[in-house]
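Residue numbers (this note's numbering): 6 to 175.
Written out as structure tokens, the structure reads:
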């Protein structure tokens with residue numbers, strides 16, 4: 006608010022900016038002061054009640070008689086709901102892109118083993134998992150075989166196993 010800015014100026018405002026956004030804000034303000042260009046930034050601020058908002062900050066510095074930027078004028082707009090909607094849209098686009106890539110990759114395959122290996126890789130990569138595997142359980146209900154797995158930074162678990170080794174909960 007205008008009153009808060011008058012009480013503490015830019016230093017007071019900086020305290021409210023999310024720590025992860027503060028350095029970029031400072032760099033942009035320094036650039037704007039040097040170039041006398043208008044500013045446009047998006048960043049997060051903490052409200053007095055502890056909640057965090059995304060804001061869009063637009064404005065410019067007013068030069069004094071010596072052409073030094075000592076005052077600024079601008080408009081800060083709460084864009085939190087927009088950012089939430091944007092995140093949902095990005096997530097939806099990511100899922101749709103995955104499904105399209107999945108379909109494009111699986112569609113031409115015929116051999117079940119090739120399909121299983123491809124599915125394990127695509128799903129593990131999409132989920133950003135360290136491991137993704139497909140297991141076939143034997144008729145006895147205790148033994149299973151992992152023929153293919155996707156791994157990222159861990160050892161493969163391809164092999165034959167017994168569920169009883171994993172305890173009663175397995």
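Note that the Cβ used here is the ideal one computed from N, Cα and C, for glycine as well.
(1) Compute the Euclidean distance between the alpha carbons of residue 44 and residue 75, then round it to the nearest angstrom.
(2) Can you name the start and end residues of the alpha helix (DSSP H) that residue 128 belongs to?
(3) With a 10 Å radius around its C-beta and 16 neighbouring C-beta atoms as the bar for buried, classify residue 15 as buried or exposed.
(4) Using the three-state DSSP reduction, which class does residue 148 fall into: helix, strand or coil?
(5) Excluding the 5 residues flanking residue 156 on each side, which residues of the same chain have their C-beta closer than 6 angstroms to its C-beta?
(6) For residue 58, which residues in the same chain have their Cβ closer than 7 angstroms to its Cβ, ignoring the five residues on either side in sequence?
(7) If you scan the region 44 to 72 from start to end, which runs of the beta strand (DSSP E) of 3 or more residues do you find wholly inside it?
(8) Give the secondary structure of residue 11 by DSSP, where H, G and I count as helix, E and B as strand, and everything else as coil.
(9) With H, G and I counted as helix, E and B as strand and the rest as coil, what does DSSP make of residue 110?
(10) Below 8 angstroms on the Cβ atoms is my guess for residue 147 versus residue 173; work out the distance and round it to an integer in Å.
(11) Give me the Cβ distance between residue 81 and residue 60, rounded to the nearest whole Å; I'm assuming they're in contact under 8 angstroms.
Reading from the atomic positions:
(1) By 1-based counting over the chain shown, the position of residue 44 is 39. By 1-based counting over the chain shown, the position of residue 75 is 70. Distance between the alpha carbons of residue 44 and residue 75 is about 15 angstroms.
(2) Within the chain shown, residue 128 is the residue found at index 123, counting from 1. Start and end: 117 to 131.
(3) Translated into the one-based positions of the chain shown, residue 15 becomes position 10. That one is exposed.
(4) The residue you call residue 148 lines up with position 143 of the chain shown. Of the three classes helix, strand and coil, the one that applies to residue 148 here is strand, per DSSP.
(5) Residue numbering aside, residue 156 sits at position 151 when the chain shown is read from its first letter. Excluding positions up to five away in sequence, the list reads 136.
(6) Along the chain shown, read from residue 1 onward, the residue named residue 58 stands at position 53. Answer for residue 58: 49, 50, 52, 83 and 85, listed in chain order.
(7) 44 to 51 and 57 to 68
(8) Along the chain shown, read from residue 1 onward, the residue named residue 11 stands at position 6. Any reading at residue 11 must be qualified, since the residue scores a pLDDT of 47, below 50, and its modelled position is unreliable; the value itself is stated next. Looking at residue 11 - three-state DSSP - the assignment turns out to be helix.
(9) What you label residue 110 is simply residue 105 of the chain shown in a count that begins at 1. Helix at residue 110.
(10) Residue numbering aside, residue 147 sits at position 142 when the chain shown is read from its first letter. Residue numbering aside, residue 173 sits at position 168 when the chain shown is read from its first letter. Incorrect: roughly 12 angstroms between the Cβ atoms, too far for contact.
(11) As a working mapping, residue 81 is identified with position 76 in the chain shown. As a working mapping, residue 60 is identified with position 55 in the chain shown. That belief holds up - the Cβ atoms of residue 81 and residue 60 are roughly 5 angstroms apart, short of 8 angstroms.
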